[in-house]
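Written below as structure tokens is the structure these notes are about.
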Amino acid sequence: MNVLEIRDLGVDYLSGTGAVHAVAGVSLDLRRGEILGLAGESGSGKSTLANAVARLLRPPAAITSGSVVYHRRDGTEVDVLALRKNELRAFRWKELAVVFQSAMNSLNPVSTVGAQIEDVLRIHEPEMSRAERAERVVELLQRVGISADRRRSYPHELSGGMRQRAAIAIALALNPEIIIMDEPTTALDVVVQRDILGEIRALREEYGFAVVFITHDLSLLMEISDRIAIMYAGRVVETGTAEGLHRAARHPYTGGLLRSFPRLRGPREELLGIPGTPPDLRSPPPGCAFHPRCGLAMDECSATMPALVPRKGGEVACLLNDGTGVS
Ligand code: SF4
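Structure representation (structure tokens):
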């Protein structure tokens with residue numbers, strides 16, 4: 001059962017020298033209660049895609065095509081791209097919340113973390129009494145591993161990990177069905193990062209929300225995700241279960257990403273990286289955008305853009321798609 005359906009979504013950055021196609025024809029489903037990892041190098045379009053879904057894009061970025069449909073539990077549908085400003089405010093907190101990489105930038109520096117959670121509750125749950133709000137603040141902070149007495153702390157008085165936990169508590173305030181996490185642990189050290197990842201999984205089990213988890217670190221996504229979508233040059237090039245991609249990635253780019261990060265489990269392997277750099281999206285290469293960097297490229301790869309087609313357990317966009325695996 002899908003909670004979100006993205007179809008043929010396109011986002012351009014409009015500049016004086018022409019349009020940059022940051023997201024091009026992306027179709028993706030988010031299932032109720034799953035953790036969907038979104039991976040790719042910087043500039044692959046993953047954050048732009050998430051911001052488009054949350055309607056957080058600012059000019060010069062503009063949605064140029066496609067649809068985003070949200071399915072409520074009661075069976076009704078919401079056309080996200082058609083929401084008006086006042087509807088959008090409620091949608092963003094009650095149905096979908098976003099946690100950004102730098103909590104320092106998303107938290108209000110002149111307000112305590114407790115007051116910031118209370119503000120969300122006061123605006124969106126006006127029938128709640130003051131005592132109920134105070135109780136909920138403590139409950140939320142404790143749920144993300146912050147002791148009740150820290151509700152009076154300002155963001156600068158908290159460690160990086162605690163700030164990120166506070167941002168997650170704010171996102172959880174209204175029990176949304178979807179939480180988008182854009183590199184939420186990238187700035188943290190590995191131990192804190194793993195603690196928070198464990199907590200996100202535990203919270204998902206408890207509350208049943210779906211997560212879109214964005215990072216360039218595919219090995220980290222393998223740890224936390226149920227399914228993973230790989231983006232390159234604004235397009236989804238492979239989807240699959242975390243286990244399926246770990247066992248046999250089918251797109252050469254996925255294979256390259258897997259070899260670029262140390263695996264958190266299993267034997268040590270040499271890190272190889274991916275040769276070259278991501279394409280300039282003002283003039284992407286013809287055919288498969290990955291062909292200048294692909295060690296398996298054939299003549300036709302520079303002429304034909306591969307479509308994303310179903311494969312056992314997922315989808316892949318590669319002309320070599322014979323199902324033998326490339327990792
Ligand atoms: Fe490589 Fe060709 Fe597949 Fe693109 S279509 S990933 S260039 S083999």
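Straight run, no breaks: the sequence shown in UniProt numbering ends on number 327. Every residue gets a Cβ at the ideal spot worked out from N, C-alpha and C, and that includes glycine.
Judged by DSSP in its simplified three-state form, V20 adopts strand. The Cβ atoms of A317 and A307 lie closer than 8 Å to each other.
Annotation: the continuous alpha helix (DSSP H) that includes L197 extends over V190 to Y207. With three or more CB-CB distances shorter than 8 Å, the stretch 190-200 counts as touching the stretch 216-236. Using a Cβ-Cβ distance cut-off of 8 Å, the stretch 137-154 and the stretch 83-97 are not in contact, since fewer than three pairs of beta carbons, one from each stretch, lie closer than that value. Residue pairing for D12: DSSP places it in a beta bridge opposite H21 and A62.
Judged by the Cβ position, A233 fails to qualify as a neighbour of the ligand SF4 at the 7 Å threshold, every heavy atom of the ligand being at least this far.
The beta-carbon separation of L140 and I117, rounded to 6 Å, stays under the 8 Å limit for a contact.
Distance between H246 and G240, taken at the CA atoms: about 9 Å. DSSP places E95 in no alpha helix (DSSP H); its state is neither H nor E. For I180, same chain residues with a beta-carbon under 8 Å away, outside a window of 5 residues either side, are A50, V53, A54, L96, A97, V98, V99, V211, V212 and I214 in chain order. Within 7 Å of the C-beta of L296 there is at least one heavy atom belonging to the ligand SF4. According to DSSP, residue pairing for N2 in a beta bridge involves R31. Using a Cβ distance threshold of 8 Å, L4 and L38 do not count as a contacting pair. Residue range G160 to L172 is occupied by the alpha helix (DSSP H) that includes I170, with no beta strand (DSSP E) assigned at that position. Taking 4 residues as the minimum length, the alpha helix (DSSP H) runs contained wholly in the stretch 34-59 are 46-53, in order along the chain. Among the bridge pairs identified by DSSP, Y232 is matched with R235. Contact annotation, G40 with Y232: C-beta distance approximately 6 Å; criterion of less than 8 Å satisfied. For L319, the shortest C-beta to heavy atom distance toward the ligand SF4 is below 7 Å. Non-local C-beta neighbours of M1 in its own chain, meaning closer than 7 Å and more than five positions away in sequence, comprise R31 and R32, ordered along the chain. Within the model, the alpha-carbon separation for G287 versus L203 is close to 42 Å. In the three-state reduction of the DSSP assignment, A249 falls in the coil class. Taking 7 Å as the cut-off, the C-beta of H124 does not count as close to any heavy atom of the ligand SF4. Taking the Cβ of P279 as the reference point, every heavy atom of the ligand SF4 lies at 7 Å or farther away. Taking C-beta atoms as the reference points, P275 and A289 fail to come closer than 8 Å. Each residue's CA atom was taken as its position, placing G43 and Y154 some 33 Å apart.
Burial check for M162: the Cβ neighbour count within 10 Å reaches 16 or more, so the residue is buried.
A distance criterion of 7 Å places the beta-carbon of H291 in contact range of the ligand SF4, judged by its closest non-hydrogen atom. When DSSP states are grouped into helix, strand and coil, G75 belongs to the coil group.
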